[in-house]
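The structure appears right after this line, and notes come after that.
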Amino acid sequence: MLRTTLAAGAVLASLLAPTAAHADTGGDAIPALTDSRGRALTLRGWNLADKAHSGDQALSGITEKHFRDMRAKGFGFARLVVFWDDLEPQRGRYSQSYLRKIERILGWAETYDVRVVLDAHQDVFGPAFGHRGIPAWATRTDGLPFTPHPDDWFSEYFEPAVQRAFTHLYEDPDLRRAQARMWRVLAERFRDHPAVLGYDLINEPMGELRDGEDLATAARRIEREQLTPMYNRLADAVRSADRDGWLFVEPTPIVGEGVPTGLGRIDDPKIVYAPHFYNSGMEAGADYDPAAGWIENYEQAVTAYPKEYKVPVVVGEWGPLNNALPNMNRFFREAMASLGRYSSGWAGWEWCYGGGYCAVDGAGAFRTNKELTAEPYAEAVAGTVRTSAYDSVAGVYRLDYDAADRRGSRATELSLPPGAWQVATRGRAIVLRPDPGRALVLAAPGARVTVTVTRRG
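Numbering-wise (the numbering used here), the sequence shown opens with residue 1 and increments by one.
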């Protein structure tokens, strides 16, 4: 990732002896996401999606500018939306053109030092229902009805035809094999790409409600009986090609209502729990209600699974539809603080230039309150993090960690958003500033280090 200069390398060698970084996973702690050198990672970034173009024009809405602008504002992570219907438009025929388009985008990510997770995205299953995701040839409805809801697209998940299509995807042996082959194709192509951190196996999976079930009960059953075995199958498929990438697994979107997941154990050593962080009222355009306790309930519900199964958390999507309402400044501050307490990072929805969910306007300036997502943070910590928090009112970020004490990664990397920032350390460590948006902290083996980043002016 961030490269040291020869001079920095010389200083580093004089300070450090060998070690491997480690994260505290004892007790009730949620473990950290780590890189190939064992450093504890924090991912901060945005989804990149082009739902408007397909076929020959697929992914044309994502450009090098997206990566350049994200990195310039301090973000080093992208969740890249890819569609199975573009990858395999006809059964058994994979689009080499689409794979090359993905590879070009990953090249931009590498240039700007942005880590990427490839997300197999679906909305309302796929093209058979007027959306994107699972190919029409893999859609089976048993003739059940489907009525579009153009003013409330999420309600289309509860149409009988859509629900039955999910059941067939989870249960039909040939569709299981086809989904696994799709993932093998992606993993074989991109397993060695330096920008690829991992794979999000399916976006916002849903399923079929049974007679008499309430939504929460159905979600837990679907997660337990259908999603868990699906994720184990897909993990095996990816591992046949890529032994190292992280595998991101999602519950149903019902987690947003504060419902703990019914997911079981995924038998793989590199699983990331990747829920989404949406509130149904705010999705409909309502303001944040601080008295409702939604963030607190969500945090309590979403942390149960990673504590039980000892897996890191990365929130794959979040962000309200209307970010300029009176309480949204408070929402962003409270959401950022909450995400910082339990997750290894997040990807907001989405990095685009305009209105709605877009992070920035047409000129590239943050839209109202979204500037609050740009904070100083430690992208990679070579050691064990004790505390890490940003005080948005004071403009002070503080990181306390124990530096690694044997051979391994030697540099802790900080990302700084635009502005004037002072970086200071306490303990046996020095700071290098290779550019205004970055800082390297080089610590002596086993040192207790405190890093303080203060906004100036």
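Each residue gets a CB set at the ideal place from its N, CA and C atoms; glycine is no exception.
| Check | Outcome |
| --- | --- |
| Cross-strand partners of residue 311 (DSSP beta bridge) | In the DSSP output, where bridge partners are listed per residue, residue 311 has none listed. |
| DSSP three-state assignment for residue 349, whether helix, strand or coil | coil |
| Span separating the alpha-carbon of residue 444 from that of residue 130 | 57 angstroms |
| Classification of residue 297 by the beta-carbon crowding that lies within 10 angstroms, buried from 16 upward | exposed |
| Nearest-angstrom Cα separation, counted from residue 208 out to residue 217 | 12 angstroms |
| Buried or exposed (CB count within 10 angstroms, at least 16 for buried), residue 410 | buried |
| Residue environment, residue 291, which counts as buried when at least 16 other CB atoms sit within 10 Å | exposed |
| At least 3 beta-carbon pairs within less than 8 angstroms: the region 76 to 83 vs the region 108 to 126 | yes |
| Exposed unless 16 or more other CB atoms sit within 10 angstroms - verdict on residue 100 | exposed |
| Exposed unless 16 or more other CB atoms sit within 10 angstroms - verdict on residue 171 | exposed |
| Endpoints, the alpha helix (DSSP H) within which residue 294 is located | 294 to 302 |
| Sufficient close CB pairs (3 or more, under 8 angstroms) joining the region 308 to 325 to the region 266 to 280 | yes |
| Contacting residues, own chain, Cβ-Cβ under 7 angstroms from residue 362 (five flanking each side not counted) | 353 and 354 |
| Beta strand (DSSP E) segments (min. 3 residues) lying fully within the region 76 to 162 | 77 to 82 and 115 to 120 |
| Span separating the alpha-carbon of residue 429 from that of residue 30 | 27 angstroms |
| Supposed close pair residue 260, residue 227 - CB separation, criterion 8 angstroms | Not really, about 14 angstroms apart at Cβ, beyond 8 angstroms. |
| CA-to-CA distance, residue 34 to residue 334, given in whole angstroms | 26 angstroms |
| Nearest neighbour of residue 523, chosen from 150, 371 and 242 [CA to CA] | Within the shown structure, residues of the chain are numbered from 1 to 457, placing residue 523 beyond reach of any answer. |
| Residue 415 (DSSP reduced to helix, strand or coil) | strand |
| Length-filtered (3 minimum) beta strand (DSSP E) runs lying within the region 161 to 246 | 196 to 200 |
| Residue span of the alpha helix (DSSP H) that contains residue 323, given as start and end | Where residue 323 is concerned, there is no enclosing alpha helix (DSSP H), given that its DSSP letter is neither H nor E. |
| Opening and closing residue of the alpha helix (DSSP H) in which residue 338 lies | 328 to 342 |
| Presumed contact (8 angstroms Cβ cut-off) between residue 438 and residue 413, rounded CB distance | 7 angstroms |
| Cβ pair residue 85, residue 134 closer than 8 angstroms | yes |
| Candidates 451, 319 and 453, of which the one nearest residue 47 by Cα | 319 |
| Separation of residue 50 from residue 137, as counted between CA atoms | 22 angstroms |
| Buried or exposed (CB count within 10 angstroms, at least 16 for buried), residue 308 | exposed |
| Same chain, Cβ closer than 6 angstroms to residue 324, five either side skipped, listed in chain order | 368 |
| Other residues of its chain near residue 453: CB distance less than 6 angstroms, five sequence neighbours each side excluded | 376, 397, 421 and 423 |
| Limits of the beta strand (DSSP E) - the one that residue 283 falls within | Not the beta strand (DSSP E): residue 283 falls in the alpha helix (DSSP H), residues 280 to 283. |
| Cut-off 8 angstroms between Cβ atoms - residues of its own chain near residue 21, not counting five sequence neighbours on either side | At residue 21 the pLDDT is 32, less than 50, meaning the model places this residue with poor confidence; the figure from the coordinates comes in the next sentence. Cβ neighbours of residue 21 beyond the five flanking positions: 34, 37, 38, 39, 40, 381, 382, 383, 384, 404, 408 and 409. |
| Identified DSSP bridge partners for residue 402 | 384 and 448 |
| Span separating the alpha-carbon of residue 146 from that of residue 391 | 49 angstroms |
| Continuous alpha helix (DSSP H) stretch holding residue 69: start and end | 64 to 72 |
| Reference residue 223, options 265, 176 and 55, closest by Cα | 265 |
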